[in-house]
Each structure stands twice: as structure tokens, then as C-alpha cells.
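These notes concern the structure reproduced below.
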Amino acid sequence: MGKELTKLRKNLLTDTRETARKDYFRIAPILEVSRQIKQLLGKHEPDIAANSSNDEDWELPTPKYLFPKRARLVENFSGPEAENYDEDKLLTRRIQVTKDMVALLGLCEPSRRGKRVDWKFDDETDELQTSERSPRLLKRIIWTVQ
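Going by the working numbering, 110 is the number at position 114 of the sequence shown; the sequence numbering is gapless.
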């Protein structure tokens, strides 16, 4: 039973990744993506940028993070201020990144798959649990019968 659940979870994870990948490229505006690729390759065409006025306002959705420290780290590494090399701001950003990284060491995200279950049961532990609970259970049964 445990191996079957593991296989089902793995298949579900694989299917979810594939659909997310396909949906991303289906949802993202194709013109914006092609414009960015051409801009990176140095083949920027002003005609395409002028024709796609609807797509200029589109931005990638910002991811949501469980911890605000992680969001600050992402902002410091890839945000609009990441390429600001002013000495004062650079030093404060380095200090903030160091503090956030140290703070993240103590935090732990919950498992995305749920709690792990040990499907191997020991007969001795089961007997101990039933023997500890049986007097209470018997009292309840006797009380309800009367």
C-alpha cells in the first residue's frame, strides 16, 4: 500500500509540473516573450514594440513567499535596486541580505507533500497502545451499556 501511494504521489507531481510548464508558456504573451528574446540577442526591432502597445503593461506575476525574509532576499538579488552600485546602498543591502540569510536558517517551510507516514507497524507498539487505552475504552463501553 505504501509503494502504491508513493507511485501515485510521484505521478501526480510529474503531471503537475508538466501542466504548470505548458500553462506558463500558453498564458504568457507570446509577443512579449519574443520581444525580450530579440532584445537579449541584440535584434531589437522598434516596429514590433510600437505595434504591441497592449503587451507593454504586462508583467510576470510576482511569486508569493512563505517568509518575508525570503521575499526580501529575492528583491535584493533580482529587484530593481539590485544593480544600484552606490556604496552606501550596497553596504546596507549586503548587511540586510546577511541578516535575512541567517534568519532563514532557523525557519523551516512545511512539507509540500504532507507528513511522512511510516507504513511499517510493530506488533509490540500496537499492543502497548491498546493495553494503555483498553481500561478507558472498557469503562466507556460499560457506561454506555448500562
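Using N, Cα and C, we set each Cβ at its ideal position, and we do this for glycine too.
Buried or exposed by the 16-neighbour rule on C-beta atoms within 10 Å, applied to residue i
{"i": "Asp19", "result": "exposed"}
{"i": "Arg89", "result": "buried"}
{"i": "Gln142", "result": "Here the model assigns Gln142 a pLDDT of 49, short of 50, so the residue's position is not dependable, and the following value carries that caveat. Exposed, since its Cβ has fewer than 16 Cβ neighbours within 10 Å."}
Alpha-carbon spacing of residue i relative to residue j, whole angstroms
{"i": "Gly75", "j": "Lys(-1)", "result": "43 Å"}
{"i": "Glu79", "j": "Arg66", "result": "19 Å"}
{"i": "Ser150", "j": "Asn72", "result": "No answer is possible for residue 150: it lies beyond the span of the chain, which begins at -3 and ends at 142."}
{"i": "Gln92", "j": "Lys85", "result": "10 Å"}
{"i": "Glu153", "j": "Glu55", "result": "Nothing in the structure corresponds to residue 153, since the chain is present only between -3 and 142."}
{"i": "Thr15", "j": "Asp82", "result": "43 Å"}
{"i": "Leu37", "j": "Ile26", "result": "17 Å"}
Pair within 8 Å by beta-carbon distance, residue i and residue j
{"i": "Met97", "j": "Leu62", "result": "no"}
Endpoints, the alpha helix (DSSP H) within which residue i is located
{"i": "Phe63", "result": "That residue, Phe63, is in no alpha helix (DSSP H); it is neither H nor E in DSSP."}
{"i": "Met97", "result": "83 to 102"}
{"i": "Lys3", "result": "-2 to 23"}
Within-8 Å CB hit, residue i to chain C
{"i": "Leu36", "result": "Here chain C cannot be found, since the structure has a single protein chain."}
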